[in-house]
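Take a look at the structure set out below.
Protein chains in written order, with the numbering used here: chain X, 1 to 591; chain C, 1001 to 1591.
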């Protein structure tokens, strides 16, 4: 066919809208000339175009919907849907899938039964560890799952120049990622100051994505006025950081898709819900989770849980479903998803009612994928390779000795349930010119150990807020965004035990006390993901949390808090492998 | 940048959303750090996102909008817009530009001052004459114009197997066209029976377009029920043939974009307008002209005229503008068009009010392109090559002799102002075994002469409805869709004169009488387009119409009627170079 195919997608491209060679059969099935593969009878279909709910049968051929309506169709398998409502598969338009700690297959097992059939992930956690190869690994692990995972090319790896990440994603690597079939555009452009300073590197990434004809996601908390206009003028067309109705309204007026976020660490739905109910945001909203723990998915559900709350808040069910499926599909160019209509992919959710959206059955690509909360089969999914990515230098107890010049020291002060920290001054115990733990004083040593190249870089500092009353330490290989080891503890021995255990398991969450590991959640895939089933991961997460609580730590999610203490873009103080960093002053402190 | 650029568009691709290297400047302009190129002050902006009309300045840099809002901006040129309303440039989502008879440059000169800044053309007329090369010629003639012309890859060339077209566009040629930067998808799939019969050739074209990630346009007059569902299941997502509210409602319920058509030969706006006013079609409508003569553009305007009527019919101005700009831009993937917002292309229309939409100024890509109804400059547009495409065999008066076996003959009966014809029986005059004109009897000889390859194929038949009372003939090189010569006349001599004049001018509309050309509108570009300015074309069109009327023909648009008599997909009788064709019976008649 000559040069006509230059622009064509590969036949295996997941964005291909129709299974080749099936259009003819679909037409014959729609016309009643031959049987389809699956027929849903007697249900009510939620039409995302006119937002009505109407009785209709649905016939499927080769994974795609051939017909919807009050016609006689035949199929080799019939599923009675009497009393049920048929929705398109739900789509989470912005998630960092690594925050679930699960492999794609285990994530599918957890959320497909809840009605989610596609997720768009910014996998910048694994990007920071393994670069393009990490995102390629996750993409490969999606093949054959009943959940379609798409990716956005991460725009800010590393997050700042003050961090030692495992990889750098420059404009060239972003271009490489954009050429991948599952990559839909450029991920949240978090470095707002760099955009406003018109820095060449970040704008080259934006330009690369726009020239590829793809979308660019935003991340612009509290940005207003001229600066918001300048940010939008770069071609950034979505945002998931609106925390007030006013902020959402202003961003939508510029044409940005408001991705209403409700995850484990940030919840904005209540603030934005009145705007959704009033219709003011018109077509410019959808629902996302951003960062969510598997325990919260188990407890509150996924998009089904958000639909419940949106409808309870006054949004008509047909509108709510449109925005949880069709609107994100259209925004990201997934042209055959998000509707129960002829020619659309047969990703369907059968729910009992349009108030609690509990899924009785989930159909993915025309196959029954889940029934009554259980995933039938996650298919043959290639396992994730989990070579150990934790590369440490020689460490001993001497590695965790912090000389201090005075007993009054600057410490990183945790603010419970927030990711900002404060810069505080505390009087601490000093023994032989070094910091020493004082059970009366809520101050721990905190260490960030570069773990990608065993460079020997170790940053040491002090943190308050963990309120340990017993000797021990908490360690994690999840430390945004560079994911170096981060360990907080009362003494060098337990901190060393944490480092050794993390190195042995290839990463994880660990608690040590009395020279012994008390509990561990291993995360052997890039130090970020477990290879265990979701229920095991949730149990292990409970165990490490309980072990931390046993040391006296009252924080709801000690490892969530710990993991954000390295993120050197958020005020005020952070720990990196280069030391304690003052974000406002953009410099390292000396203790 | 390695393999990352596989999917990237060429830097000159008209779909590229941002002028490279200008993002940085745009940001600085938005922040007020440096002056832009053009600043519109004191106007009211129509916001297509929230549909509000609000006072705002607009600052432009490098052809793109940098800022919109109540801020202090600077620019090297300031245009006061006090008292004016600022809209995005209007987009006609479905036009056969050849029906205007104008070159792209002359079309721009005519419609840019009316506020149209982009047109999506299915140029299947030139496709039938010159194939891919014809569409490439038109695309090349667009470069540098203040009007962006995009194309859809024609899906039905030739329209049927009963015609002798100049070219065939099979799946391979459709693939070639889809690789062109200005081609946005597959044009109206008119061969509904072929789709419903699941014919491989047409479905291969649909599949090629879908696999390229592009949209597929529909054309499905009166299709309902199961057949409409089957048609939609192929992935066809628009339609411009709805003639009733009921039809539009049914198509929109399947997610098809309803392109409300108001052209020279078909007008559907009045029928659909109540649906637009009630909001029932939601986002699924836009405005198109399909086929429009330059005289109608002069008389009634283009999209500006339709906006007047839509708003008078009860659609809020913000909604109407959204659907005349943003909705078609989004549907066809023109992601930086259709809104007056930061990061969007600076295609703007300044109108006096939101009732008559008269444009005071049109800005294209940041440059003032028209003022007070006059195009300032159509730029340096390459001329269209006009090698003569009329290739005729030797013809003489003997070529126009029609032997008839009886005095009662089947004739093609014209239905005034419609393109359907009737099969009628008429008693005619017979001299020496041949048809002869009888002034008392409204029957003319009609000839279709294959003109692409001088094959010598000439089909002869009889037509009634032209009601000539004087001896003479009308000839045209525009004869849908194959564009062979079509000539109707009372006598062989004048018909031969018509053929000779058309051959000499490379095509056109011609009237001959008494052995002399009475009037001619030359169409030397592929026998379809004039190279003259719009006002000359309109004058010449008036002259040939008057010459036809002088022979007694009462039809409003004699050449419009003549041009459709060869279209062998529309009942009942048609003339092709292979003879008189009965569309219902799918066979040729013998006289």
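For every residue, glycine included, the Cβ atom is placed at its ideal position computed from N, Cα and C.
None of these values were measured; they are calculated from a predicted model.
In the DSSP assignment, residue 286 of chain X falls within the beta strand (DSSP E) that extends over 285 to 288.
Shown here for residue 378 of chain X: same chain residues with a beta carbon closer than 7 Å to its own, the five before and five after excluded, namely 105, 108, 109, 145 and 146 in chain order.
Under the three-state reduction of DSSP output, residue 1080 of chain C falls in the strand class. Contact check for residue 1537 of chain C against residue 1101 of chain C passes: the beta carbons are separated by less than 8 Å. Contacts with chain X at 8 Å (Cβ-Cβ) do not include residue 1086 of chain C. Secondary structure of residue 1496 of chain C (DSSP, three-state): helix.
Considering only C/1242, C/1246, C/1546 and C/1586, the residue with the shortest C-alpha distance to residue 1286 of chain C is C/1242. For residue 222 of chain X, the three-state secondary structure derived from DSSP is coil.
For residue 132 of chain X, there is no enclosing beta strand (DSSP E); the enclosing alpha helix (DSSP H) covers residues 132 to 140. Using a Cβ-Cβ distance cut-off of 8 Å, the stretch 1187 to 1197 of chain C and the stretch 1217 to 1232 of chain C are in contact, since at least three pairs of beta carbons, one from each stretch, lie closer than that value. Against chain X, the CB of residue 1191 of chain C has no partner CB under 8 Å away; the residue lies outside that interface. Annotation: Cβ neighbours of residue 1342 of chain C in chain X (cutoff 7 Å, chain order): 229, 232, 233 and 254.
The DSSP-derived three-state label of residue 1126 of chain C is helix. Setting aside the 5 residues that flank it on each side, residue 1348 of chain C is surrounded in the same chain by 1086 and 1363, each with a C-beta closer than 6 Å to its C-beta; the list follows chain order. Contact check between the stretch 1495 to 1511 of chain C and the stretch 1110 to 1120 of chain C: fewer than three CB pairs, one atom from each, fall below 8 Å, which does not count as touching. Interface annotation, residue 484 of chain X: not in contact with chain C, CB-CB separation never under 8 Å. The beta carbon of residue 504 of chain X sits closer than 8 Å to none of the beta carbons in its chain outside the five residues before and after it. A contact between stretches requires three or more CB pairs, one per stretch, nearer than 8 Å, and the stretch 1546 to 1566 of chain C fails this requirement with the stretch 1124 to 1136 of chain C. Residue contact check for residue 1027 of chain C against chain X: a CB pair falls below 8 Å. Residue pairing by DSSP puts residue 1364 of chain C in a beta bridge opposite C/1367.
Listed along chain C are 1255, each with a C-beta nearer than 7 Å to that of residue 339 of chain X. Of all C-beta pairs linking the stretch 1320 to 1330 of chain C to the stretch 1034 to 1052 of chain C, three or more are shorter than 8 Å, placing the two stretches in contact. For the set X/397, X/422, X/584 and X/477, the Cα lying nearest the Cα of residue 464 of chain X is the one of X/422. Burial is judged here by how many other beta carbons sit within 10 angstroms of a residue's own beta carbon; residue 1033 of chain C has fewer than 16 and is exposed. CA-to-CA, the gap between residue 326 of chain X and residue 392 of chain X works out to about 47 Å. Annotation: residue 1292 of chain C to residue 1095 of chain C spans about 8 Å, alpha carbon to alpha carbon.
Under a criterion of Cβ atoms nearer than 9 Å, the residues of chain C adjacent to residue 71 of chain X are, in order, 1225, 1226 and 1229. Put simply, the CB of residue 195 of chain X is near chain C, with a gap under 8 Å to one of its CB atoms. Counting only the Cα atoms, residue 148 of chain X lies some 10 Å from residue 121 of chain X. In the three-state reduction of the DSSP assignment, residue 1400 of chain C falls in the helix class. Residue 1441 of chain C is classed as exposed because its beta carbon has fewer than 16 other beta carbons within 10 Å across all chains shown.
Taking C-beta atoms as the reference points, residue 84 of chain X and residue 43 of chain X count as a pair closer than 8 Å. In this structure, the straight-line span from the alpha carbon of residue 1274 of chain C to that of residue 1067 of chain C is close to 36 Å.
Under the rule that a run must span 4 or more residues, the alpha helix (DSSP H) segments found entirely inside the stretch 290 to 322 of chain X read 294 to 300 and 303 to 312.
For residue 1127 of chain C, the closest Cβ of chain X is not nearer than 8 Å.
Short of 7 Å from the beta carbon of residue 1386 of chain C, and not among the five residues preceding or following it, lie these beta carbons of its own chain, in chain order: 1506, 1524, 1525 and 1531.
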